[in-house]
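Enquirer: Residue 1 is where the sequence shown starts when you use UniProt numbering, and the numbers rise one by one after that.
For each residue, glycine too, the CB sits at the ideal point set by N, CA and C.
Since the structure is predicted, the reported quantities are computational estimates derived from the model, not experimental observations.
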Amino acid sequence: MINSQIFRINTIAQNDGLISENQSPIKPIFFILEGINPFKPMKKLLLIPMLLLSVIVFGQNKTKVACVGNSITQGPGRDNTDSYPLQMQAILGDGYEVKNFGVSGRTMLKKGDYPYWNEAQFEEVKTFQPDILVIKLGTNDSKPQNWQYKDDFVNDYVAMITEYKKHMPKKGKVYICIPVPVFKDNFGIRERVLVDEMRPKLMEIAKKTKSKTIDLYSPFEGKSALLPDGVHPNKEGLGIMAQTVAKALKD
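1. Note down, in chain order, each residue of its chain lying with its Cβ closer than 8 angstroms to the Cβ of Ile-29, except the 5 sequence neighbours on either side.
2. Can you tell me whether Glu-21 is buried or exposed? The criterion is at least 16 other CB atoms within 10 Å of its CB, across all chains shown.
3. Could you compute how far the alpha carbon of Leu-109 sits from the alpha carbon of Asn-234?
4. Determine, using beta carbons only, whether Ile-176 and Val-182 come nearer to each other than 8 angstroms.
5. Between the beta-carbon of Leu-92 and the beta-carbon of Ala-246, is there less than 8 angstroms?
6. Can you give me the C-alpha to C-alpha distance between Lys-99 and Asp-156, rounded to a whole angstrom?
7. Would you mind reading off the limits of the beta strand (DSSP E) that contains Lys-212?
8. Grouping DSSP H, G and I as helix and E and B as strand, with all else coil, what is Leu-202?
9. Do Ser-71 and Gly-95 have their C-beta atoms within less than 8 angstroms of each other?
10. Taking its Cβ as the centre, do 16 or more other Cβ atoms sit within 10 Å of Thr-127, making it buried, or is it exposed?
11. Where does Val-245 sit, in a helix, a strand or coil, going by DSSP?
12. With DSSP as the reference, please indicate the residues paired to Ala-90 in a beta bridge.
13. Determine the direct distance from the alpha carbon of Lys-208 to that of Gln-87, and round the result to whole angstroms.
14. Could you give the residue range of the alpha helix (DSSP H) that holds Tyr-157?
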């Protein structure tokens with residue numbers, strides 16, 4: 001996008017006679033010193049710097065979205081266009097910068113077998129300084145070895161949101177995802193725990209942190225074919241996640 005804007009600026013400059021057709025493309029710092037016509041009106045000389053400034057501002061005004069989660073967020077790969085964050089990038093368009101910070105098998109619980117807290121991505125989210133944070137953790141916390149620490153779940157979740165808010169703008173938004181259904185208890189992940197025990201805790205967390213919730217459960221009800229192993233959505237299912245989250249961000 002920025003390259004096309006600079007091409008447009010060069011075209012305007014050539015049409016106004018500020019630079020010649022054969023001159024190299026404009027370089028933001030030096031263009032006004034090379035090849036300009038000193039007899040052109042000053043207001044035309046001011047045109048190009050103003051356009052260049054608009055290009056710079058445009059490039060800095062994207063809304064940054066960080067997607068934190070487990071294998072369902074990571075998908076086929078953090079840079080794979082089938083993952084829900086990158087499908088969501090295509091839906092939201094150029095005004096957004098969506099990054100996938102999902103890590104397979106990770107838990108919200110600090111005492112879980114593989115806490116998200118210990119991953120490089122936990123720190124990378126801070127460096128990214130998102131405007132919007134989408135968290136979809138909890139599925140792996142439902143495993144027996146992890147849910148034995150269920151009394152820590154609310155405090156750990158609130159602590160993560162509090163930590164991330166330190167690296168977000170004051171008007172930054174946090175979204176807590178209600179996990180997708182589990183159609184077959186697999187990998188130790190338990191549907192009963194997710195629905196009966198964890199969901200009320202997620203609502204409590206949202207209230208405590210003044211976060212919004214995104215229901216990823218309802219869109220999959222009665223659609224077990226979209227989760228071939230009973231836990232992980234396929235490409236179509238990830239697309240439904242992308243559409244659901246994108247809609248929530250725009251509402």
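Expert: This is what the structure holds:
1. Note on Ile-29: pLDDT 37, under 50, position unreliable in the model; the coordinate value appears next. Once the five neighbours on either side are set aside, Ile-29 has no close Cβ partner at all.
2. Note that Glu-21 has pLDDT 48, beneath the 50 cutoff, so the model's placement of it is unreliable and the number below is only indicative. The residue in question, Glu-21, is exposed, as its Cβ has fewer than 16 Cβ neighbours within 10 Å.
3. 26 angstroms
4. no
5. yes
6. 23 angstroms
7. 212 to 215
8. helix
9. no
10. exposed
11. helix
12. According to DSSP, Ala-90 bridges with nothing at all.
13. 30 angstroms
14. 153 to 165
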